[in-house]
Every structure is written in structure tokens, then in C-alpha cells.
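Keeping their order, the protein sequence lines are chains C and Z.
Using my numbering, read the first sequence as starting at 1 and increasing by one per residue.
Using my numbering, read the second sequence as starting at 1001 and increasing by one per residue.
Just so it is clear, CB atoms sit at the ideal spot from N, CA and C, and this is done for glycine as well.
It should be emphasised that the depicted structure is a prediction, and the values quoted were computed from it without experimental measurement.
Each remark here refers to the structure printed beneath this line.
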Amino acid sequence: MENKFNIISDKVFELLNEDEYLTISFSSENTQFIRFSQSKIRQIGLVDDSSLELELIHNNRTCGESFTLSGDTDADIQSATNLLSNLRTEIVQLPEDPYIVLPENNGSSCDIHTGKLLSVDDAADALTPAMQGVDLAGIFASGKIYRGNSNSLGQKHWFSTETFSLDYSLITADEKMVKATFAGSEWNRSEYESFMAASIKKLEFMKRKAIKVEPGEYRTYIASPGVRDILDMFSWNGLSEASIQQGQSSFGKMRNENSKLSPCFSLLEDFRSGSVPRFNDNGEVSPDVLNLVNGGLLENTLINSRTAKEYNVISNNAGGGEGVRAPYMLAGDLLEADVLKKIGTGLYLGNLHYLNWSDCIGGRITGMTRYACFWVENDEIVAPIENMRFDDSFYNFFGENLEAVSKKVEFNPEVGTYENRSLGGTHCPGVLLSSFSLTL
Amino acid sequence: MDLKNLLSQININADWIGMREVREKGTYRVIRDGNPQANGAGTSHGIMVEVLAKGQFGYYATNDMSISGIQHAAEKAKDQAMRASEYSLYSFSEDARPKATGSYESSFSKAADSISAGEINEILLAGCDALKVSNHIVSASAYGLITETEFNFVSTNGSDVNQKFLMVTSDFSATAQDGNIFQRRTGGRTGHQIGLEVFDKNNIISLCSGIGKQAVELLSAEECPTGTMDMVLASDQMMLQIHESIGHALEIDRILGDERNYAGWSFIRLEDFGTLQYGSNLMNVTFDPTVEHELASYAFDDGGLEAQHQYIIKEGLLVRGLGGKESQIRSNTPGVANFRASSWNRAPIDRMANLNLEAGESSFDDIISNIDYGVYMETNRSWSIDDYRNKFQFGSEYGRLIENGKLTKTVKNPNYRGVTTPFWNNLKKVGDASTFGVHGTPNCGKGEPNQVIRVGHASPVCQFENIEVFGGV
């Protein structure tokens, strides 16, 4: 695959005129999907998809276009050549962009991660037996993922990985659920069976009769998967410098009004796990680690090169949308064994669902409890709760109401598959809140 | 591409084979603060080969559309089906893919290439300039997405369908600032099956000028009041209300449990069809693939079922689900032709398409004049609902107080929350045709693997009583 990318890129770069710059991005996957419901197979299939994007810069103007590769290298070279011609026709019509970022050559990289995956022929037989006896709904995704970026100045980046994930929910007869994700690069049958057995054991807690909790403020522990969902919000009108400058960011208060979060809260972008490429669509490489919020203070926002030019700040080579691509929230000192005791009486929330900004500028997020969420009384789990809506500002719950952060940082792999399989995931601990607002 | 010829050359032994080719080009142009932010396009083109063997469908979605590529895809798809058949959730026959022949082409006045890239940029720039009504506007943007889609479907039981769509989604937004107060007002990102006639410079300038003025107006507006009161929703807020608390709740595959790991389940049970009073007797909701220019109009779904106008809720009573042929067979429940995939690289599942609240008989003035105290809300900006489609919360960009039968002060950050069937049973008045708006969004997400799909929602203005309303932080 890398060889094909190189051949096509080289051929297209040969066609450029002196006053033209070109960046080429490549994305490809070969994936098996198996969709489960009631621990049986609902849908099964394979997807091969590859696309190439050309971004042309000429005379302070830029435009781009992508197309699906056919797999026939000669035909794809011809398609790319035709595309270049189309871009040349369009670019002269466009207005100048004063903030254009020209590509550079700051060195190339090649980051290949191999794995040992289930074959597509064996997957159904390998997965299904361990889930019998319970009601499981979920999705198995497995295969190779490739990303490439090259430019007309000779810089080239390549990233490939082989991964699998089984993201699933186990459901009781009265519709209570626990959620888990078994993921990695090397399939191991006994690890899988142990993991599934542990999930089935957790489901026992959910068989207790659910209790109704009234709207109000509660001492609450949110486990790592729920914290992950909150941190995801910071990539949407959050830590983007452009979003702050344009008056749309929830972090504007920290820039403009000197608002602070709890000293217990620190969030980084950390690429050292190697689960996502460090290069962005411009082929620029991010630092290994970037402090975003450090001890409750906004230390860095995410700044791409275009934003840097527009607002006269320094780029940290963020991606086009200035979202957090490798989030890592630092641990605290709360031991898992002490969580229930520290709650005392209140809520243990294993997962959250369908978060949205209800007042973005004020940092207020609404969403639902979902899956393994419990009422805790006198240091013990009493029962699962009926799902409740929360609506609270992160300036509260990551601010003065953040009482402790757990010592264990868990990795929550990214299992999204909109258009193609996502890469990476979120490293984060759980959080203990002295108050969290439930509204409905 | 001669899909029938390709199909005829597949050499495997199977109960049924279908091929679905999709070619889609999306061209997007964005101007922000007077400068081009993006001018780009993307074309996705491939084929999904589906094979039915031993009651199980298997698929192979491929970018290799050569004869050898398709043969390979068919062999692997059959293989997947055979291996999965031992663990099938449901054993299907060819009945799940009815024979369909026909074509559809969406209507438009100006073709996709009728306005040049340069001209579109000029028009969007004029819109951007019109948004900047004062120095309080700190950011303004104008966006256009032109989508051209061609869909071909053939099968061994004789299907031969061709559908072509030209769609445009546009949005204009202004962010206003006064000190630490920020307010954003938009045109409500909405899409239609339409041509480039939407890029009418004068119309866009007029629209943008209004948006900019309202953004500034919101800066000095009071917070939306908190309390239980009457609420009136404009059609561009009704869009999300319909989408989240009717559409997703009634997708039959959700009711059957397929989505429990991701988008969730539904409070609806199969026995509710024909018995559940979903809303007041003013509530009439239709699945309508025939509305010209609505975003998700079509003639056939992706399984070959012919699409027809159907009542989903009639005078408040739930009568029909949103499920294609597979779900209808599995559930033995009446459905509609909504078995759809986002593209060639995803398998079809039940997706709402055009789902509309039908117009009633009250004029806008009738509705407002009968309210002592309440809030009128326009243009959705926030949406959240639980995994059973019960407890929801929505926010809008712009509100007006209603006092003693009149619209009075502007209010900012209007939000409301509720529970689905009590909410719809509090539907008190439904606006007439003069209040009707046709909207659509290209961004409905669902499914495993995930898929984003286009939906259309048309609605009149509606009044609800006893709703929990509140403002911002």
C-alpha cells in the first residue's frame, strides 16, 4: 500500500509547475465488520476503501479534491492527473487567501505497527461462543488502517496499524446494561474469554431492581468512560484557538475572564502511545506532549498553522479542526478501592450518553446517565438507577466541585466508524465530584 | 458502468445477489470573515456486493469495480454469509429484497456546474459582508455544500433502479460580542434537493442582514425565563424535536434491539402500533418521500422497496413504524421504504428519511394571541435525548417572550426539557400551511458501523402547554 502511495505521489509531483505547491493525503482501510444483537450475527461483511486527496496552492490561492482509488495504479495515476487539471482550472477563479500555509520539508517519518488479527474466515467462530448465555449487542471491527501524507517539497509521512475492537453491551432481561470494549492489536482467545467472563460477572449488579433518583445535586463519581465523553466535548468549540478567537469556545472564559478549573485537573495532548499519527493534513508533526490545561490553568490551546497566521500566534501543528487528537488526563491519588467510601452516599456513574453543550459559552453540558450507573449509600452500591439527565457546567464539576481524581488512568479506545475507522483513544482517570446536577 | 453486465458475469452459487453502486461528489465552499476558508470537493465511488446464502446476507464493499474485483467481492461476501449463517439472528429469503425497477431524479432549476467556483465564492462573500451589520459582529461565515449523487441497484431477482440527486446545504452565521457576552445566530444549517438557484445573491444578502441584526439584538436580551409555561416552536426548532423524539423512537430496528450498543433502544414496543396515543389528536406525522425539494425524497430504498407516502401517527395514534422490508419481516409490523445506507461502503439499516408533521389550522397570530405568558423559540442549537428516546433537552438560538397574546422582548439562551409522550400530548395548537417550513439535515448519525445520512423534516409552527423552560448559565 505504501508503495502504491509513493508511486502515485511521485508521478503527480512530476507534473507540477514551478509556482505550484501540492500536498497529497492518503487514507485506506481493509476491514471486517460483524454486527451482533442477542449474541447472534445481525450483519457481516468486508470493506475495502482507499482515497487520495490533492491540495493545490498557487498564487496565494488554494483548493483541494479527493477521490476513491480503484486499486489499479495506472488508472489511479490518470485520475489524479485529471484531478490536478481540474484544480488548476478552478484555482484561478478563487479569491486570495491571506493566511495560506505553504508546505515545508521538515523531515519524513514512517510509523508501522503490525498486529496479529483474527482472519476474516475465523472471526464468527472465534467470537460468538463466549457470548452465549447472555444478550450481547455490539460491533466487531478488525483490519488494517493506513494514513499517508506527502508534499511537493519532498516530505513524506506514513502510518499504518492493524487493530481490532469488539465494542459491546450486555443486557439483562429487564433492559439494564453494562458496556465494555475488548480491543488491541494481537488477538488472544483466552484473554478475550476472560474479558467477556468479567463483563458477564459485572452484569449481576444490574439485575437488582432500579431505583428512581430525584433531580438535585449529588456527590458523584464518574468512571473513566464517562470522563472520556466529557473530554470529547473539548474538541467541539473547546480548546481550539480559532474557536476562542471567533467567540464560540467554552474555554473563552479561561482566556477572557481568567477563570480557572480545579488544581486537580490537568489535560495533555500526548502522542507517545503511537495509536494515532502525529502528522496533520499539512504534514506538520505535533510535539510528543503538549500541556493544554495544567493544574486547572489554561496553558495552551490547539493552534494550526492557518490560525497562527490569522491571529499572530505560534502554531503547535494542531489538526485542521483543532480538536484533541490524543487526549491524556493526568491521574490523581484516589484509589479504586476507596471510591465507594469516598462517595459515601451519592452516585456512581459508569457511563454517560448523548452529551451536548446546553450553554457553550458558560461551559454547561447536558447529557444522560447510561449503562452501569448506581445509587451508593453508606459506602455501598445499593442498586442501579433509572436513567437521569444532567446539566452542569464544567467550570463547576471540573472546578470547585472536583474533589479527587483516581490514580488509575484507563485507555478508552476510539471505536467510531463514521466514513472510516477512527484511530487512537482517550487516556483518562475517573473523577469524584462533591456536587453534580441532575435535572430530569 | 454497466452494472447489469457486471452482475451477469458473477460466477457463484447463491440464493440472491445484489449490487449497489453509489457515486457521490460533495463540493464545499466556506468564506469566513471575508476570506476563503475552504474550497474543496470529494468524490466517493464504489460498489457493495450483497449475497444471500443460507438465510444470511453477507456483503463486500469494494473500490475495485473491475470484473475480477467484483467476482472476488461476490465470493468473499458469500463466504462471510455462509460462515455467519450458523449464528444468524434471522434467516431471510429473497423476499427481503423485493424486485424494483424504475428511476428518480430530483428536481432543480440550475445544474451543479451552472455557477462557477469564483461566482459562488463572490456570493458567499457578499453574504459574509451582509452578516457584519456592526462592530459587535466578531465573526461571520457563509457555507455552501453541493452534493451530486447517483445510485444504481441491480439484483438477480430483476431489480434495476437508477436514482440521481442534486442537493444543496447552506448556512450563514454571525457571532456577536459585547464584553464577555457572546451570542451566535445562524440561518439554521439546512439542506434541500435543489439546484444552484439557492445561490441568489440578493436573497442571501437579505437573509444575512437579518441574521446579523438578530445576533446583535441577542447581546442585550434578557435570559430566557425559567418556569413551566406555554411554548411555541418555529419549524426550524420543530425539525430537531421531530427528529429526536419521533423519528429515532420509531425506527423498527431500534425497537428490535439492533442499536442497543450505540444509539440506543426505544420506549416503543411492537404492540404499541395501533394502540399508543403518542400525542394529542392534532398530531399527524407522515413518512413522505414525495415532497419536491425535501432532502430525503426518493423512489426506492436501498433494498428495492418502493417508497410511498404513509401516515406514521394519525390524530395522535401511532399507526406505523419506520422500518424497511427486513424489519417488517422480522417484526411482522407495517413499515415504510426506509432501508438506507450512507454510501456504498456501509450496509443499509432502517433510517428515517422525510418525516413531517402535517399542517393544521391555526395561523401564527391565532397561536400567539391565545397565550398569556410563554416563550417562542427559533432555530435549534442544542439537542440531547436518552437512549430510549424519552427524556430530552433542546436549546434554540433565539426567543421572544409572549405576554398577553403578543410577542414582546427578545430572550437569549432559550432551552426546554421534557419527556416524549407527555410532551406530544401537550401539543395544543398546530400552525396552518402559512407557517409550514421544509428543512433537512445531512448529518443524522446511527448504526454500527456508524453512518451519517440525510433526513428531511417539514413542520408548521406548534404550541405546547406546560413545558419546563429555562435559560443559560
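Query raised in the report: Gln38(C) by DSSP, collapsed to three states: which one?
Result: coil
Requested in this report: State yes or no: is the beta carbon of Glu1448(Z) nearer than 8 Å to at least one beta carbon in chain C?
Outcome: yes
Query - Limits of the alpha helix (DSSP H) - the one that Trp1424(Z) falls within - result: Thr1420 to Asn1425
Query raised in the report: Of all the residues that make up the region 1361 to 1391 of chain Z, which are near chain D by a beta-carbon distance shorter than 7 Å?
Result: Here the protein chains are C and Z, and chain D is not one of them.
Query - Where the alpha helix (DSSP H) containing Ile145(C) begins and where it ends - result: Taken as a continuous stretch (DSSP letters only), Ile145(C) belongs to no alpha helix (DSSP H), being part of the beta strand (DSSP E) at Asp135 to Asn151.
Requested in this report: Closer than 9 Å, Cβ to Cβ, to anything on chain C: give me those residues from the region 1055 to 1084 of chain Z, in chain order.
Outcome: Gln1056, Phe1057, Gly1058, Tyr1059, Tyr1060, Ala1061, Thr1062, Asn1063, Asp1064, Met1065, Ser1066, Gly1069, Ala1073, Lys1076, Ala1077, Asp1079, Gln1080, Ala1081, Arg1083 and Ala1084
Query raised in the report: Does the Cβ-Cβ distance between Leu118(C) and Trp187(C) come in under 8 Å?
Result: yes
Query raised in the report: Are the beta-carbon atoms of Lys1078(Z) and Ala1176(Z) separated by less than 8 Å?
Result: no
Requested in this report: Answer with yes or no whether the minimum CB distance from Gln43(C) to chain Z is below 8 Å.
Outcome: yes
Query raised in the report: Can you find a C-beta in chain Z that's less than 8 Å from the C-beta of Met368(C)?
Result: yes
Query raised in the report: Along the chain, which unbroken stretches of the alpha helix (DSSP H) at least 4 residues long are found entirely within the region 1218 to 1304 of chain Z?
Result: 1235 to 1242 and 1252 to 1255
Query raised in the report: Closest by CA to Val47(C), which one among Lys40(C), Phe33(C), Gly115(C) and Gly274(C)?
Result: Phe33(C)
Query raised in the report: Using a C-beta cutoff of 8 Å, does Ala1307(Z) count as contacting chain C?
Result: no
Report task. Identify, in the order they occur along the chain, each residue of the same chain with its Cβ nearer than 8 Å to the Cβ of Thr260(C), setting aside the five sequence neighbours on each side. Result -> The residue asked about is misnamed: residue 260(C) is Lys in this sequence, not Thr. The answer, listed in chain order, is Met254, Gly296, Leu297 and Gly399.
Query raised in the report: Per DSSP, what kind of secondary structure is Phe26(C) in: helix, strand or coil?
Result: strand
Query raised in the report: Using a C-beta cutoff of 8 Å, does Thr1226(Z) count as contacting chain C?
Result: no
Requested in this report: In angstroms with no decimal places, state the Cα-to-Cα distance between Asn1345(Z) and Ala1263(Z).
Outcome: 20 Å
Requested in this report: In the DSSP assignment, find the unbroken beta strand (DSSP E) run with Asp10(C) in it and report its ends.
Outcome: From DSSP, Asp10(C) is part of no beta strand (DSSP E) but of the alpha helix (DSSP H) over Glu2 to Glu14.
Query raised in the report: Does the Cβ of Lys4(C) have 16 or more other Cβ atoms within 10 Å, making it buried, or fewer, making it exposed?
Result: buried
**Report entry** Nearest candidate by alpha-carbon position, reference Thr345(C), set Gly323(C), Asp379(C), Gly424(C) and Glu217(C)
**Finding:** Asp379(C)
Query - Contact list for Ser169(C) against chain Z, beta-carbon separation under 7 Å - result: Arg1260 and Asn1261
**Report entry** Whole-number beta carbon distance between Ala180(C) and Tyr168(C), since they are thought to touch under 8 Å
**Finding:** 6 Å
Query raised in the report: Between the region 1228 to 1242 of chain Z and the region 1149 to 1159 of chain Z, are three or more C-beta pairs nearer than 8 Å?
Result: no
Report task. Tell me whether the beta-carbon of Ser1220(Z) lies closer than 8 Å to the beta-carbon of Val1133(Z). Result -> no
**Report entry** Residue interval of the beta strand (DSSP E) (run including Gly1127(Z))
**Finding:** Segment Ala1117 to Leu1131 is the alpha helix (DSSP H) holding Gly1127(Z); no beta strand (DSSP E) there.
Query raised in the report: At least one CB of chain C closer than 8 Å to the CB of His1045(Z): is that the case?
Result: yes
Query raised in the report: Taking C-alpha atoms, which residue in Gly1055(Z), Gly1026(Z), Gly1034(Z) and Val1030(Z) lies nearest to His1045(Z)?
Result: Gly1026(Z)
**Report entry** Minimum length 4: unbroken alpha helix (DSSP H) runs contained in the region 1405 to 1471 of chain Z
**Finding:** 1420 to 1425
Report task. Could you name the residues of chain C that Pro1036(Z) contacts, counting a contact when the two beta carbons are closer than 7 Å? Result -> Leu94, Pro95 and Asp97
Query - Which of helix, strand or coil DSSP assigns to Cys110(C) - result: strand
**Report entry** Classification of Val1232(Z) by the beta-carbon crowding that lies within 10 angstroms, buried from 16 upward
**Finding:** buried
Report task. State the DSSP-derived secondary structure class of Asn1035(Z), mapped to helix, strand or coil. Result -> strand
Query raised in the report: Which residues in chain C sit within 7 Å of Val1452(Z), going by Cβ to Cβ distance?
Result: Tyr418
Requested in this report: Would you please verify whether the beta carbon of Thr1149(Z) is less than 8 Å from any beta carbon of chain C?
Outcome: no
Query raised in the report: How is Met1065(Z) classed by DSSP in three states: helix, strand or coil?
Result: coil
Query raised in the report: Counting only runs that start and end within the region 300 to 365 of chain C, where is the alpha helix (DSSP H) found for 4 or more residues in a row?
Result: 305 to 311 and 339 to 343
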